[in-house]
Each structure stands twice: as structure tokens, then as C-alpha cells.
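Protein chains in written order, with the numbering used here: chain A, 1 to 676; chain B, 1 to 403. Before any comments, here is the structure.
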């Protein structure tokens, strides 16, 4: 553009120069004429001046014409010789179109090679957004496919796949429909039949929260993929199917194939004149997960059954929960369940508005939410082992320190008395039995001990050392970090309140030590803590990816290498104490609870927890590792508003162990003591 | 008033003039050359352009259905025949016929409006179907030649200097009549050619520069006013929307790439992608496959630039330059003001049409629907420009030979 302006400008200058030149000659001639009047010259008279006038003006005309030709040639020079490459590129992009064929996404397999997600080819009828204006065409389409007219209309109006992209009207249409549409293009303007591969879930909703789901690429993702700063990402185009949650999202770059491309030559009306060599589509790589289908299925079924039983028993508030099982020796997650769940297949071919509303609403308990990594809950008593370790580390207590629980604790004076969950009192206690019986008084004393010590935040430091308050780094999206409250946090959090409310109080420390109040953790964080307790301080990064397998060619396998994220060092005597305390929970705290584990060949160590919230049913926790003498698995479960941990989440954990060791729970015993 | 004081005897007796020419030929038969019979510096480039135009149109006919090579050739033959007859006819006969020319000019413009004769195409009522014969033509094209004669015959009577403002205004007013009549067809493109050609003749006739500058200033003011009122809702829209869009797009082609800007953009891509030697005959991916509409008429320069590259496009422009220069050179050599003015008018017509047609293809002029002389598809245009060549040759043919 600037070149053009420069040339036009130069031409104007030339033209102006010519005009001035002619004018000057005119002036000079006029001047000469005056002199001519004064000085007699040989050539005089009006004839000559007329002739010179014509001559001058015709020269002017010549200059005019010459300038035109000159300007045109100069401009052609700049366009055809200087900027020619640029225009040639534009001409080339005019006459070529790139036709793409989508590549199948990689499959997702469990650790034993069982297909969790695969693909199937299907024929889909799609329509351009403008088709909605043509009632006749929509009616024809409806008759042909055998759908109600209104359904066709709604499908075409649906913008979920993007405002500009084609809308899927029907998938899995018959060959007859395809043939009819192909043979009558004039009847079906804007309608196209596409060969697609669609996500197929052979096991239905199994592991839905691990797998996630796919959908049409969003505008933001599309813009980011085209952003020059995004150097490593895949270049997407509108309408591409991408992972939007779970492993589908996390390992999008692995699962996504490379689409095939063919350059065709077209005329201005889009008719293909010729085509050039094509690149075959290359399907995405398969992802092998650490998930074990059998354990996963058991976890989901057990979770659903426990919730159902609780509801059947009259507690209608209970409608959600989750469970996770992890290999403590390498961080592999072998099962991850969240309830309520959903079937990822509702997302294939674009989810309907109604389905989306149902899946994302609060009233249906957010089925899309993966509670293991995104759910935030008070840890309740499951945190007590960490309190005991902190007390030993900071010399707040020794293994020999004795406590007395009368059921009501007045360590901060009579006005600030607090109950143990067992109002009758546990009597004489020490650290180990404090864990086993989950005695609150023991931990009130520890909380107070920290509050009055010169290391008032030692408890928080220990919690954080075990990974609370920070993400575990699991390879799943939307992980929450949780919260370990301290004085600074409280002061800032209540910044509109008076100073005495914002101040850290002794009660905050005692709440923290029994895992109630402001502390928030994810079930996965707690599972990792128990995995760390099981391995005596070595914490692996939890992960669901086992390996990546190229689906074409050599089938090369890239193994995921486990990684230690934290090493917590404690005296082995401290670990011994905690482990004995946790074994006590299983075999001593409650006879009914013990009955569920004595029928197993492996020994178990674990902890119940019951997160209280005023005016609601408590949320029950149960976390265990097994075998307790040579730990292999840590398993955590939580049932929202499902009552005590010993009568809700415990069953789920036991069922998962049953699936791992092929030793189903045969006990029907129900804990009546309210062990927490 | 026709310039009766300037009468020359041949103009009164055209046949006598022809006879005189015949005598001259007899006298000089012994060493008559081709250069004596024809004004070659003008004829050669014109014939080369026609030939090149035929090649371009043949290549266009390979891809563009609307470009009928046979019809183009018929137009060329018709044009050459008419050129031959016009050359023989003494142009000086028109020097005294200004009243008749004026009436004829006006009549031409009214023709398309007569029911049964008129034809409309692309919203322009500019076509006339000749009854009985199955041919139609554009009177506005004919009007260009008629106007050249009309203004020249009037301008010649001042013998090189228009003394009074009254005379100048009268000339301008007469020029305005055909211009306005074409404008209401509406055919702004041809109207502008008539205006520029007429103005050029008036200037060469000896109008004082100060008057000309004032006139140009007034035209610019009126044009600006027309544009502003057309853009303002509520005021009368003098320019049609498409004309306004072309102007807007000319200023910024990216405003509406799907509409008027699209054509300009595609034309520039066609020209630019031609490179030095072009893509070759029949290989115009832009003009040949529909990206550039009207590639055989309005955008023919883009077509030839794409197929023949800079060599072809610059070559065509140089041929035009050669032809125009020769025509003006001849005007210099002629003694009679009428001959000078007619030649100046014809030279201006070619210059301006080349500027307009080629200029719009490369984005330095707004888009108007006018043809490139000798090359664009369309017989009326071909015949008219051949007629113009014939007139130049007639001037040469009827020149006063040096003793």
C-alpha cells in the first residue's frame, strides 16, 4: 500500500512539476511578448502567438499522456516485479483449498490393555447454520432421516459446536440417506455427509472422571492454538474434536492425531478442478492408564451401593462421594471413582442443552466434578496421625505422655470447654491410643501445646510438609490445592471484621489438630498422606498415565517414569507409633469394624474420619493402607453427608481391597459405637 | 454559431477535396510510399494493439464463456472496414456542422429511452437495438466521437485564443449537455470520458488557464458535494450506492472484500501475480477461473497483465503511448485548428481510457465500467476506436502536402 502511495505521490510531484514548467514557459512567453511589444522582432503578429499557444498546449497534452503512461508503468513495475511474490501467494491461496480428513483419536486403555475409550466410524449428516432459514429443506431432511421436524430445527439451531461451524443433525445415518443426499445436492444446499470417527465407551460410564470427555474445540482454545506464542501446541481448526476433561484433556496432545491434508485446485465457485498429492491422516497415540478396570468397577459400584443404602436408610442428604486407590510404591492410581457419575458418551456429537444443564447443576450434585481431585473437605480425624507426628517433632508430647479424657475438655478455661466426640470420655490415653480411638482430647492438648509453645505454627508446618495446602501434581485437570489455615491467613481472610475476630485463637489450634474448621483437603491429598505414612516418608507423584503406545507403525511404548515429590523424615519410632495406632483403628477401635477386616488375609492400617458441619449430616472418611507390614496400596474414600466414616466410607475402602486381593467383604456387621 | 468565417473550400466541397487528393496522388505516383498513404506512427501501434487484443480475447475465450472469440473477430473486421471508409472521408466536412452535430449528439443519448429501441443491461439504459438488424450498440460510445467533432468545430473558430469569458462559458455549457445526458443513463464512466475529452479540447482551443483552474475547482467542489450528500442520510443521493461503494472501496479496499472491494482486490492479485513474463496463455488462475469477474471487458487489463506479465502489460502501455504521442505530434504538424483539436480530443480519449481502465485494475483509479480501447471485448467500443484511428488517418490523408 505504501509503495502505491509513494508512486502516486511521485506521479503527482511529476505532474505538478510539468504544470509549473508549462506555467513558467507561459509566463516567460508573456514576458517575452511584452518585450516583443517594446522591441521590434522579425517574427511578430498574432499568427505566430496563436501557433505557439497551440504548440505549448499540445506539448502539455503530451506531458499529460506521458505522465499517465509513466505512472501506470511505474505502478506495474512495483506490483509485477517488486511485490509479485506476495500477489502470487495470494493468487495461490485463492485457487487452492486444503481439504482435511480428521484423524482418529488415540484409544485409552486400562493397565491390562482393556479398552476404556475407543473409536468407531460413523456417517454424520451436518448442516450449515443458514439451513435453519429454509423450512422446506429442513422438512425434507427430517422426512429423509426420519426425525421430527422440530428436532432437526433444534439441532441446526444448536450452537454448541461453534457459531460458524456446521451443526450435526444426525449421526449413524443409513447408506440410503447418504446416497439420497449425494444424488440431490440441489435439494440439500448446505447439508453435508461426513465420515467421522466417534468416541465409543465400551464400558459405559466406567472411569468417567478419569477419562473425561471430548467436544468441539472452543473459540479460546482455537485462538490459542493459532497464537504465534504457542510454539508446541497442535494447530487446530474450527470444529476439531478435543479433550475437555480428564485424561482426554490432560493428554490431548498425545491422543490427538494428525489430520490428513490434500490440496485441491478450485475455481471461484469452489468447484474442484484438480488435486495434488495428499497426506494420509495419522491417528493419535494410545494412552495406557494405571487404572485397573476390575478395581475401578468395584470402587464405583461400592460407592453407589453405599450411597444408595444410606439413602434407603432415610438419609436423603447423602448423594455424593468418591474413592481413590493408589500404589504407594510408585504413585499409580489404580482406581478413581466419583459419585454421582455420568456417561461420557452424552458428549459425543455435541451434548444437548438439557443434558448439559442436568450435568452441571448444583441440584444434581455436579456429576461432572471429579471429587477426588477437585472436592474440598475438612480432613476430620484422618489428619490425627500428622498431629501426633508434629507433637513428637516439636516436643509437644512424647510417646509416654499421658492424657486423660473425661469427654469434656476445659484446657482453655471453663468458658471455652470442648467435647470429645465420645462425651463419656476415653479415660487415660496416650498418643498411640489417641489415634486408635480418635480421642479429641489428646489432640486438643496437642493443639493447645502448639498454641502456647514458641512454635505455634509447627502443626501447619508438618501438615504442609506432608503435602496439604498444595497440589499433588496428579496428571488430571482441575486439581485443587486445599487450605492449611494459619494466623496470617485468618487475619487476611476476615479483613472486614474486628481485630479480635481476625486474631488466631487457641480454639483455632485445637480445631486444626482434629481436622475441623477451616482446613480443606482433597481426598487425593489425604490418600497421598497415607501412602507416605505407609512408605515411611516417601511420597510419589500420583498419576494415571502408565504408558503411551503409538497406534501405528512400530507401536513404540513410552513408559511413564514415577517421580518422588516429597520425602518426609521422621524417627522410625514415630512411624511405628503411628502405624500401631492406625492398626488399632482397624482391629481395636470397634468390634464391628474389625469384623470387616479380620476376614482378610492381609493386615490393614487405617483411620476413620467424620467431618462435622452444623445443621448437616456429617461427611464420613475412611483411609487405609494395606498390607500394613509391607504396604502396597493406600485407599481413601469419602461419602458426603453420609454419616460416620465407620458406617459409610469404610465399606467402600473394604470393597476396593476385596477387589484387589480377591477377598470380598463377607461381614454384615454394622458399627454401632459411632467410631470416628 | 458555426464558424462560417473559418470556412475552407474543401469543407464546403468534400468531394472536391477528395478529388484534389486524387490529383496529388497522381502527381506523386512515381515515389508513393506506404508512409504517404497512411500515418504509420499511429496506425502501426493501433494494428498491433488490435492484434494483441485478439490474442488476449482468444485466450480468454478458452476459459470465459462470455468471451466469444468469433464475435470479437467480427467486431475487428467491422472496425477495420469502417476505419478504411472513415480514412477516405474528409473529416473537415464536420468543421461547419456544429449545430447538426449537437442535435445528433443529443439524439443519440435519447435513443435508448425510446420504447422498442432501448435495452437495459446492468441497470444502465445505454443500449440501442437496431430494428430489423439483429445488432445492438451503445450510443454513448458513438457520442464520444460526435462530441469530439462538436467541441472541436466550436473551439476551432476562436483560432487558438478564446478571448471572452462568455465564449468559454458557452463552450462549457454545450459540453455539459451530452455529459449530463450520459450521466442520467446512468453511465458515469463514459460520461467522465466525454467530459475530460471535451475539456481537453476546450483547453487546447485556448481557454485562459485561470478560467480552467476555476472550472476544475468548481467541478471538484460539486463532486465533493455530490459525494457528501450521497453519504448523508436524508439528503438526495446523487450517486448510486454502488458508485459510492466503489469510491469508498477505492480509498480502502479492505472495507468490503466481499463486494466492490473484492473485485479490486482480485484484479490487483491478478496483475501482481503475473510477474515479469506472466502465467502464459490460458493459465490465468485469477481471471480464468472466475475470481475476477468481467475479465474480458472491464478488467481486461488485469487479464492480460496476468497472462503476459510485466512484459505484456508494459508493452501494451508503450504501444498506447506511441500511438497517443504520434497523434499529438500530427496535431502539432497540422495547421488548421480544427484538425489540431480533433486529434487532441482523440489523443485525450485514449489517454484517459487507458488511465481509467488500467488504473482501476491496479488500484490507482476507482472502478468504472469502461473498456480498454482495441482490446476489451465489445464491438461498439472496437468500432468506435477504429473510427478514431480512421479519423487520424483521414487527417493525414487530407493534409496539405508540403510543396
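Where is the CB? At the ideal position from N, CA and C, for every residue including glycine.
Item                                                                                                                                                                                                       : Value
Rounded to whole angstroms, what's the CA-CA distance from residue 191 (chain A) to residue 232 (chain B)? Just pull it up for me.                                                                         : 42 Å
Strictly under 8 Å for the Cβ-Cβ distance: is residue 369 (chain B) near chain A by that measure?                                                                                                          : no
I'd like the list of long-range same chain contacts for residue 57 (chain B), defined as Cβ closer than 7 Å, with 5 residues on each side in sequence excluded.                                            : 67, 69, 72, 296 and 377
Between the segment 482-493 of chain A and the segment 343-358 of chain A, do at least 3 Cβ pairs fall closer than 8 Å?                                                                                    : no
When burial is assigned at 16 or more other CB atoms within 10 Å of the CB, is residue 526 (chain A) buried or exposed?                                                                                    : buried
Taking residue 118 (chain A) as part of the beta strand (DSSP E), name the residues at either end of that continuous run.                                                                                  : 115-127
Quick test of the definition: if touching needs 3 or more C-beta pairs under 8 Å, does the segment 56-75 of chain A touch the segment 209-226 of chain B?                                                  : no
Return yes when the Cβ of residue 346 (chain B) is within less than 8 Å of the Cβ of residue 383 (chain B), no when it is not.                                                                             : no
Any chance the CB of residue 333 (chain B) is under 7 Å from a heavy atom of the ligand SAH?                                                                                                               : As far as ligands go, the structure on display features none, and thus does not contain the ligand SAH.
For a test of the three-state rule: what should DSSP assign to residue 420 (chain A), helix, strand or coil?                                                                                               : coil
Can you tell me which of the three DSSP states residue 286 (chain A) falls into?                                                                                                                           : strand
Cα separation between residue 28 (chain A) and residue 204 (chain B)?                                                                                                                                      : Bear in mind that a pLDDT of 49 at residue 28 (chain A), under 50, signals an unreliable position, so the model cannot answer this.
Does DSSP put residue 327 (chain B) in a helix, a strand or coil?                                                                                                                                          : helix
Can you check the segment 65-129 of chain B for any alpha helix (DSSP H) of at least 4 residues that lies completely inside it and give the ranges in chain order?                                         : 69-88 and 98-110
Quick one: list the residues of chain B neighbouring residue 88 (chain A), beta-carbon separation under 8 Å, in chain order.                                                                               : 272, 273 and 275
Please list the residues of the segment 339-355 of chain B that have a C-beta atom closer than 7 Å to any C-beta atom in chain A, keeping them in chain order.                                             : 340, 344, 347, 348, 351, 354 and 355
Against chain B, with Cβ distances strictly below 8 Å, would residue 95 (chain A) count as a contact?                                                                                                      : yes
Does chain B have any CB closer than 8 Å to the CB of residue 53 (chain A)?                                                                                                                                : yes
Pairs of beta-carbons, one from the segment 312-321 of chain A and one from the segment 602-617 of chain A, closer than 8 Å: are there three or more?                                                      : yes
Thinking just about the alpha-carbon of each residue, which of A:221, A:523, A:601 and A:577 is nearest to the one in residue 622 (chain A)?                                                               : A:523
Use the C-beta contact count for residue 45 (chain A): other C-beta atoms within 10 angstroms, 16 or more gives buried, fewer gives exposed.                                                               : The predicted model places residue 45 (chain A) with a pLDDT of 40, which falls under 50 and marks its position as unreliable, so this point remains unresolved.
Give the interface partners of residue 286 (chain B) over in chain A, defined as CB-CB distance under 7 Å, in chain order.                                                                                 : 91 and 94
What three-state label does DSSP hand residue 145 (chain B) in the structure shown?                                                                                                                        : helix
By DSSP, does residue 327 (chain A) sit in helix, in strand, or in coil?                                                                                                                                   : strand
Return the CA-CA distance between residue 274 (chain B) and residue 242 (chain A), expressed in angstroms with no decimal places.                                                                          : 42 Å
For residue 384 (chain B), does the three-state DSSP call read helix, strand or coil?                                                                                                                      : helix
With a threshold of 8 Å between beta carbons, is residue 64 (chain A) in contact with chain D?                                                                                                             : No chain D appears in the structure shown, which is made up of the protein chains A and B.
Applying the criterion that 16 or more other CB atoms from any shown protein chain within 10 Å of the CB defines a buried residue, is residue 213 (chain B) buried or exposed?                             : exposed
Can you list the residues of chain B that residue 179 (chain A) reaches, using a CB-CB cut of under 9 Å?                                                                                                   : Chain B residues near residue 179 (chain A): none, gap ~30 Å exceeds 9 Å.
Identify, in the order they occur along the chain, each residue of the same chain with its Cβ nearer than 7 Å to the Cβ of residue 460 (chain A), setting aside the five sequence neighbours on each side. : 484 and 486
Which whole-angstrom value is the C-beta distance of residue 593 (chain A) and residue 628 (chain A), which I expect to be below 8 Å?                                                                      : About 15 Å separates the two Cβ atoms, so there is no contact after all.
Between the alpha carbons of residue 569 (chain A) and residue 631 (chain A), how many angstroms are there, rounded?                                                                                       : 18 Å
Taking DSSP's pairing of strands, which residues face residue 679 (chain A) in a bridge?                                                                                                                   : Only positions 1 to 676 of chain A appear in this structure, which leaves residue 679 (chain A) out of reach.
Just tell me which of B:211, B:309, B:141 and B:155 has its CA closest to the CA of residue 188 (chain B).                                                                                                 : B:141
Spatial neighbours of residue 383 (chain A) within its chain, please: C-beta separation below 6 Å, excluding the five flanking residues on both sides.                                                     : 515
Helix, strand or coil for residue 167 (chain A), going by three-state DSSP, please let me know.                                                                                                            : strand
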